[in-house]
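J.: Got a structure for you, written out below as structure tokens; questions coming shortly.
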Amino acid sequence: MFKKLLFIFLLIFSVFGLAACDGDDTPDVDKTESVDVPINLAISGKVLTWDAVEKATGYIVYVNDVEKKTVTTTSYDFSSLSGENLIFQVVAKAPKGMNNSAKSVTIAYMADPEAEIKAINTLLNEIAPGTPKGVAEELVRKGMTGDDMQVLKDAVTTLMADMEAADGDPVLSNAALKKFLATKINVEAVVSAGLILAVPSIDEQITHAQERIEWYQSEIDQFGPSDYYASMIAEYQSEKEMLTNMKALIASSRDEIVLVATKTVNYLITLQTKVTDDLITKIKDIAETEDQSDLTADEIVVVKDEIVDLFMENLPSVNDLALVYELLATGYGQFLESNDLTTLLSDSSASFAASTVLSIKFSLKMLDSFDKAFIAKVLNFANSDEPYQVIESEIIIALIVHLKNFKDDNQKLLDEIEAVFTNEQKEALFQGYMQTMTAVMLKSVGDEFPSSFANTKLTYALVDGASAVFEDMVDKALTKFVATDGELLRKIVILESFVYDWDWETDTDTFYNSATGETYKNWHEYYDAQDEAGLVVLKEALTYYAPTLGTLTNAQITALIDMIVAGVPVEEIATEMEMTKAEAQAVVDLGEGLIRKVLPNLHTLVKSLMAYVVTNDMITKIKTLEATIDSYEGEDFEEYDHNMTAIFISTHLSAYLTNANQSLIRGIITDLATFAKNESIYPLLGATSLTDVTEMETMVNGTFDQIVSLAGEIKDYKIATLTQAQKAKIEEFGSLVAFLFDGPDQDDGPVK
């Protein structure tokens, strides 16, 4: 049952959290900033007052949710109004180029508030004896009457009874919730009263944290230092600080918290009321399907479509989300002190909100793109008799192909969300994140905070440039993956599915591949099959180089170097190498110059090598060489192996080392030598003078010339007619390129 539920859940919601942009061809969100919401509403007699709002040109007063009057001051005399219960809200009018604020929190005028407070207190004592003082007063201040409280109490009692009777049945539970939510509830009053209830609880937690700190400290004072006790003190100090900041945030931003929480609750209520019994029944039927093979694409698509429609028709508004980001700005400032991030969150809250709405829309459109054909394809895989890893890989391939195609089809939309923020805003956002990360890490690790992070030279431009390169490479890799229908993943699955079992009762070895079903008689066949599968993966993987890394331009390489250099920890290098910071910086500067010279040429060489390997099908040629060597039965097998390998390497090395490639290699040797000829580098090479380095350069050039010459000669040797002089040349060549003969180390294992 769990697997079936998980399968459906992953199928429908796997991409729901992806961020991108609007699903429409043209976004319909307004990212115009709004003036702040009026706060600190108060009533004295029959005069309503509030705090002035910066940039506001006036204020619109609402009474019982009806626009009543526009004023230019921060007060409103309502002595001319009649009514036992008047609930007020205020909107700040905006100047040209901005939007009006959202409605403020509410405040109520009651003809006899004391009577209502008494009635509510009586009910609270029945529901929750010991409710702190002030809760009833706050409920009344927000417009709740004793009759309202009685209705709420009755509704909650009925809800609890109905939920118990539902006994977990989702349809009956949904009906019970709908009945409860149909009750007229003053959500803001309940939320605001909840904050009053929260403060004593926070105080208790602060007291507890302080008591634990004092206890651990007393243990240290009595018995001496303890890393564990010190860590617990730090943990409780962090908890105490967080709780203290939370309490301060409630005190300083009460109206903002109430407003955001109320809108959030109302939004969730709206969503819940739109969830039909029919939808619940369909989801229940899918969840309770005992045999996964009984699931159909039709029933899943129907549920998916209804979920998409539910959310698409009830998107949160930009204005409401902007309030969330403004509160986040205040919260970050309270917990981590104000920085570029808090400023940007506050000043550009509408942009953040617009980005969020567009992201939700894009995610919904992506979810909607999983049509009947795709779901049927996935179900076919899931219900097949293939091994589980094959099924999983096929579903992953289908998902990646689908998402890549969807992304390509909607690139315009991705570009639109990218344009929500200006470059200046992105720069400020980056600086803000860096400042926030620094503040968080300082609070977490204190003196252990790495100075390299605090003194980083990374800028938004550098990170953005490098990120663009990585995104380009990933996109090209995915394009290759889609073009080959994910064949690389299939080959990797086969490579990772070799299994060896030993039955201790019969002392029997079993060798097989759980993905292909192939079996092997012994270790020799088993390892040969593994080697073969590894070469198949390597051959496929090598084809990814040309369309990805092979396309790197010099500008892209420079962008990567720029970011790497900016992140070099100069101070740590100075400490490790016992240098001054200036000396370490000089070494880093030399290294930077070397990398900038060498890397483009090295990239050209590697690109040429990969092209040669793929074009000449070197993996197949290597396999053929191994087979030829393995089939040799002469007594001089090791010599034959060595000579055949040397001729093979020489043949292809000589072909690869064209005049152009030789020139690039010699240029790199020269660049390395120039770098090494700086006195500060001598110690790193074990050199003591320029003469030593020059001798090294001469030796390296001579060795390279010798390799080129020997390869050019040995490539024409015939294995059957080798002379002693030719064998000597091969030995000389082998000593120069021994690493090409040795190959990678093999893990110890059973003898084949």
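For reference, each letter of the sequence shown is one residue, going 339 to 1090 in the working numbering.
Beta carbons are placed, not taken as given, at the ideal position from N, Cα and C, and that holds for glycine.
1) Within the same chain, show all residues whose beta-carbon is closer than 6 Å to that of residue 362, passing over the 5 residues directly before and after it, in chain order.
2) Leaving out the 5 sequence neighbours to the left and right, which residues in its chain are closer than 6 Å to residue 877 when beta-carbon positions are compared?
3) Could you tell me if residue 970 is buried or exposed, where buried requires 16 or more neighbouring beta carbons within 10 angstroms of its beta carbon?
4) Between the alpha carbons of residue 756 and residue 1011, how many angstroms are there, rounded?
5) Whole angstroms is fine: what's the gap from residue 579's alpha carbon to residue 472's?
6) Please report the straight-line C-alpha distance between residue 772 and residue 664, rounded to a whole angstrom.
7) Whose C-alpha, out of 1007, 986, 966, 1047, is nearest the C-alpha of residue 996?
8) Out of 573, 435, 394, 370, state which residue places its alpha-carbon closest to the alpha-carbon of residue 376.
9) So, under 8 Å CB-CB, residue 410 and residue 396 are touching, yes? Tell me the CB distance rounded to an integer number of Å.
10) Give the DSSP-derived three-state secondary structure of residue 1001 in the structure shown.
11) Which same chain residues end up closer than 7 Å to residue 479 when comparing Cβ atoms and leaving out the 5 residues on each side of it in sequence?
12) Which term fits residue 1076, buried or exposed, when burial requires 16 or more other beta carbons within 10 angstroms of its beta carbon?
13) With H, G and I counted as helix, E and B as strand and the rest as coil, what does DSSP make of residue 637?
14) With a threshold of 16 other CB atoms inside 10 Å of the CB of residue 1057, please say whether the residue is buried or exposed.
15) Between which two residues does the beta strand (DSSP E) containing residue 1093 stretch?
16) Taking residue 405 as part of the beta strand (DSSP E), name the residues at either end of that continuous run.
17) Can you tell me which of the three DSSP states residue 399 falls into?
18) Specify the secondary structure class of residue 428 as computed by DSSP and reduced to three states.
19) Can you tell me the Cα-Cα spacing of residue 994 and residue 802, whole angstroms?
20) With burial defined as no fewer than 16 other Cβ atoms inside 10 Å of the residue's Cβ, what is the status of residue 427: buried or exposed?
21) Given residue 611, which residues of its chain have a CB within under 7 Å of its CB, disregarding the five upstream and five downstream residues?
22) What distance in whole Å lies between the Cβ atoms of residue 481 and residue 457, which are believed to be in contact at a cut-off of 8 Å?
23) Expressed to the nearest angstrom, what Euclidean distance is found between the alpha-carbon atoms of residue 1072 and residue 862?
24) Thinking residue 921 and residue 1018 are a contact (beta carbons under 8 Å), I'd like their distance in whole angstroms, please.
25) For residue 444, which three-state DSSP category applies?
26) Taking the straight line between their C-alpha atoms, what separation do you get for residue 891 and residue 1040?
27) To the nearest angstrom, how far is the alpha carbon of residue 873 from that of residue 650?
28) Is it buried or exposed for residue 415, if we count other Cβ within 10 angstroms and need 16 for buried?
29) What's the gap between the Cα of residue 907 and the Cα of residue 841?
30) Residues bridged to residue 450 by DSSP?
31) Per DSSP, what are the beta-bridge partners of residue 381 in this structure?
32) My guess is that residue 431 and residue 398 are in contact by the Cβ rule of under 8 Å, so how many angstroms apart are they, rounded?
33) Assuming residue 413 is part of the beta strand (DSSP E), what are its boundary residues?
34) Under three-state DSSP, which class holds residue 1090?
35) Taking the CB atoms as reference points, tell me whether residue 827 and residue 731 lie closer together than 9 Å.
T.: On the basis of the coordinates in this document:
1) Its pLDDT being 40, under 50, residue 362 is placed unreliably by the model, and the measurement read from it follows with that caveat. Closer than 6 Å at the Cβ level, and outside the excluded window around residue 362, lies no residue.
2) 957
3) exposed
4) 45 Å
5) 26 Å
6) 19 Å
7) 1047
8) 394
9) 5 Å
10) helix
11) 445, 446
12) exposed
13) helix
14) exposed
15) What is shown of the chain runs 339 to 1090, which leaves residue 1093 out entirely.
16) 404-409
17) strand
18) strand
19) 36 Å
20) buried
21) 516, 519
22) At roughly 14 Å, the Cβ-Cβ gap does not stay under 8 Å, so residue 457 and residue 481 are not in contact.
23) 28 Å
24) 7 Å
25) coil
26) 32 Å
27) 49 Å
28) exposed
29) 54 Å
30) Residue 450 pairs with nothing; no bridge assigned.
31) 386
32) 6 Å
33) 413-415
34) Interpretation of residue 1090 is limited by its pLDDT of 34, a score under 50 that renders its predicted location unreliable; no figure is taken from the coordinates.
35) yes
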